[in-house]
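Undergrad:
Following this line, the structure appears as structure tokens:
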């Protein structure tokens, strides 16, 4: 073979070795014919394992982030094949969404054209990148055959009371002209386009995730051992469980009537310090209770509040603003009248949209009280803290209750909370309860390229589900100008599509013109992978029982809340429907870091972008994959500026050359080979298995490099290419590289005289006898400084090691007659002598 060097380094290696492009082209054709990674092709009775990676969005060709996550994921999948497992490693595309629609508007095209063209580009790149996908499982969420079942699941959720419509303030992107879930607003900006998000009042569809809040918390407990700590913490914080009480306040309205409003508080024991009430300005409650004389001021204030984002409203740095609603609430424990204000620092979707303000012990309440001259009353005297009535610095710690009626003098917060709840329940003015920060999932989108919501609206019959036998509700053929944002979904203007007969009464009706959030599509795709062609339901329940839950899920930490939480919710609902027999979809989770360049995220505008295709053209697929895996622990960020794909290529060529140096025939028993080299080989294989299981892939690569060097040294130092231990070592290198550098590994395997494919040859059996060390080096220190090194048996006793150390001439000279105060022995590797 002739060698093709990296374009940037033509003299990097010898002239007659390794033609990267030819090797890649050759083995792709062979692998396509072999179809080696089709699930179900392992030995009969093999244990099944599901290797799942978060599926990509087809926004363009693969980038460096794909290169990293897929290389890491593939180490696991290929290792499982080598260990004899039957592996499901599918691929698909999350192919609905705004980027396709915006591209279609720019290009006067249908979003499907852009989407499926990009999918084919990415599919070709994945094949080139040699990921061990089972291509027979391929799916796209924008296929009618897929979104028919997304619609089916929506209707099933609705039958269980888990899908509902309500009118509420929502996040609105004025650029994309669609609503956004709270989770899709980042820093007050649209996650997709970066436009500043505002508020609108709309009737929207929701999934009732809150009904599963406690289960979503409880079921994380078994995941603590196999999921990253930060993901567990992020989910717990997002769900936000808090214990407290619901407290009923009577509000006297302008006409003299009374309305009861329930407020949630985690500190009912501070009720004696509640001096006013605050209602979210955009909550329906504020509009319903405002006094007539205050309505104009309130409406002017509400207009301003609707321009703000939730992030702005919750900021502690902003000056407090509000308007008096002109009504009063009665404190249920003191009987005092409390003014009721509307403000922006309370959110409409938190509880009832109203809070009791205890300004002495909450800084936001205190800032508001100071701004508008409202009373402040301390009810907890915190040691070493000054009175907030005087300092306007709230105290939030524990202390002694004061100004608190029957609680005065108590110092136990838990007792104080329990006693006040007991009093509220006895008086019928409240009760102990649990609250969650988690809000229901807003899933309506006013855009075209998504799964249509399968509901028909009839003036006579109300909301009518599309009959199951009429699914899917297919998208109409719209493109270009038809898709431009108009403040409502483009589907609403498609009259031939939206106007239908009511399935119940036959009268004139309209389809729901919103589409579903794409997170709905990705909340169950992993189940469909188990039987992607199944036509009698969203998935074959027997197939799911065989493969799920996924043994390993790999993807970015940016999905720690949205996608993972929603997928867990879907799984629990399907469990309750009797469709799956597990409650968590992913047994283990691995997050990869980012690929950055020169300390910053890659960006064309910054001039630090790296094109994956160009890098592969220059160094080859294997060098890029090896570079990604060897760069560091999977969870760490990778700075491309610090990496060397050229160095990776040189190593692969050294490994490849070994396969041409083996002179013993195939099938030769290594038993009579060089013992020292055999020990290195078996130790490497033993450690590699442990390192892969613990996701220390970079160290596994380092051990492989050490084995290559040890093999070359053995050949060059007299062991000889005909020694059976050399063949054993080089075959081990090929198998190890099959996890990271499949083209090189396959080429090596063929040169060693084997038929393809090395990826399924099986993990070598490690001989325990070759793992036993003949001798280890024990270090002898005096006063912490090394004075001698001793070659000793690995099973030497502490007494024998101490005696040996103390008799060593170098140690005797170093002690020089000084009294020995202590000898610390850690057999077989350390003796530490402390002298007086």
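Numbering (UniProt numbering), first residue to last: 1 to 836. Quick reminder that beta carbons are idealized off the backbone N, C-alpha and C, glycines included.
How many whole angstroms separate the CB atoms of residue 561 and residue 75, which I take to be in contact at a CB cut-off of 8 Å?
TA: Contact doesn't hold; Cβ gap of about 27 Å is too wide.
Undergrad: Helix, strand or coil for residue 790, going by three-state DSSP, please let me know.
TA: Correct three-state label for residue 790: strand.
Undergrad: Measure the alpha-carbon distance for residue 166 versus residue 461 and round it to whole angstroms.
TA: So the two alpha carbons sit approximately 18 Å from each other.
Undergrad: Per DSSP, which residues does residue 178 bridge with? Please list them.
TA: Paired residue(s): 173.
Undergrad: Is the beta carbon of residue 837 sitting closer than 8 Å to the one on residue 503?
TA: For residue 837 there is no data in the structure shown, the boundaries of the chain being 1 and 836.
Undergrad: Would residue 92 be called buried (16 or more neighbouring beta carbons within 10 Å of its own) or exposed?
TA: Buried, since its Cβ has 16 or more Cβ neighbours within 10 Å.
Undergrad: Mind listing, in chain order, the continuous beta strand (DSSP E) runs of no fewer than 3 residues lying wholly within the segment 748-818?
TA: Those beta strand (DSSP E) runs which fall completely within the segment 748-818 and span 3+ residues are 776-782 and 785-792.
Undergrad: Going by Cα to Cα distance, which pick from 207, 206, 184 and 205 is closest to residue 196?
TA: With distances taken between Cα atoms, residue 196 lies closest to 184.
Undergrad: For residue 481 and residue 95, I'd like the C-alpha separation in whole angstroms.
TA: Taking the straight line from one Cα to the other gives about 21 Å.
Undergrad: Using 10 angstroms around the beta-carbon of residue 9, count the other beta-carbons present and answer buried if the total reaches 16, otherwise exposed.
TA: Because residue 9 carries a pLDDT of 39, less than 50, the predicted location of this residue cannot be relied on, and the following value inherits that uncertainty. Exposed, since its Cβ has fewer than 16 Cβ neighbours within 10 Å.
Undergrad: What does DSSP give as the partner residue(s) for residue 354 in the beta ladder?
TA: Note: residue 354 sits in a beta bridge opposite 279.
Undergrad: Could you spell out where the beta strand (DSSP E) holding residue 699 opens and where it closes?
TA: Not the beta strand (DSSP E): residue 699 falls in the alpha helix (DSSP H), residues 697-714.
Undergrad: Run the CB neighbour count on residue 742, radius 10 Å, all protein chains shown included, and call it buried at 16 or more, exposed below.
TA: So residue 742 ends up on the buried side.
Undergrad: Among all the DSSP beta bridges, which residues are the ones paired with residue 190?
TA: Paired residues: 185.
Undergrad: Is there contact between the segment 154-164 and the segment 100-109, where contact requires at least three CB pairs shorter than 8 Å?
TA: Touching, no, given that fewer than three Cβ pairs across the two stretches are closer than 8 Å.
Undergrad: Would a C-beta distance cut-off of 8 Å place residue 763 and residue 83 closer than the cut-off?
TA: Yes, these two residues count as a Cβ contact at 8 Å.
Undergrad: For the 8 Å Cβ check, are there 3 or more pairs between the segment 467-478 and the segment 134-153?
TA: Taking 8 Å as the limit for Cβ pairs, the verdict is that the segment 134-153 does touch the segment 467-478.
Undergrad: Per DSSP, residue 550 forms a beta bridge with which residues?
TA: Per DSSP, 586.
Undergrad: What residue range does the alpha helix (DSSP H) around residue 656 cover?
TA: Start and end: 645-661.
Undergrad: With DSSP as the reference, please indicate the residues paired to residue 401 in a beta bridge.
TA: Its beta-bridge partners are 380.
Undergrad: Work out the CA separation of residue 513 and residue 488 for me, nearest whole Å.
TA: Each residue's Cα considered, the two are about 8 Å apart.
Undergrad: If you count every other CB in all the chains shown that lies within 10 Å of the CB of residue 591, and 16 or more means buried, which is it?
TA: Residue 591 is buried by the Cβ-count criterion.
Undergrad: In the DSSP output, what is residue 118 paired with across the bridge?
TA: Its beta-bridge partners do not exist; DSSP assigns none.
Undergrad: Quick one: measure Cβ to Cβ for residue 628 and residue 68, integer angstroms, because I've assumed they're closer than 8 Å.
TA: Sure, about 5 Å apart at Cβ, within 8 Å.
Undergrad: List the endpoints of the continuous beta strand (DSSP E) containing residue 416.
TA: No beta strand (DSSP E) holds residue 416; the alpha helix (DSSP H) holding it covers 413-427.
Undergrad: DSSP has residue 88 in a bridge; who is on the other side?
TA: Residue 88 pairs with 50.
Undergrad: What are the boundary residues of the beta strand (DSSP E) that residue 325 is part of?
TA: 322-330 is the extent of the beta strand (DSSP E) around residue 325.
Undergrad: How big is the Cα-Cα spacing for residue 282 and residue 483?
TA: Each residue's alpha carbon lies about 31 Å from the other.
Undergrad: When burial is assigned at 16 or more other CB atoms within 10 Å of the CB, is residue 35 buried or exposed?
TA: It counts as exposed.
Undergrad: In whole angstroms, what separates the C-alpha of residue 659 from that of residue 545?
TA: Straight-line Cα distance between these residues: approximately 43 Å.
Undergrad: Assess contact between the segment 564-575 and the segment 601-618, defined as three or more Cβ pairs (one per stretch) separated by less than 8 Å. Is contact present?
TA: Counting Cβ pairs under 8 Å, fewer than three are found: no touch.
Undergrad: Using the rule of at least 16 other Cβ atoms within 10 Å of the residue's Cβ for burial, across every protein chain shown, is residue 299 buried or exposed?
TA: Under this definition residue 299 is an exposed residue.
Undergrad: Put residue 461 into one of helix, strand or coil per three-state DSSP.
TA: Looking at residue 461 - three-state DSSP - the assignment turns out to be coil, as it is neither helix nor strand.
Undergrad: Can you tell me which of the three DSSP states residue 368 falls into?
TA: It is helical.
Undergrad: Considering only their Cβ atoms, is the gap separating residue 644 from residue 570 smaller than 8 Å?
TA: Going by C-beta atoms, residue 570 is not nearer than 8 Å to residue 644.
Undergrad: Taking the beta strand (DSSP E) that residue 835 belongs to, which residues open and close that run?
TA: Segment 830-835, the beta strand (DSSP E) holding residue 835.
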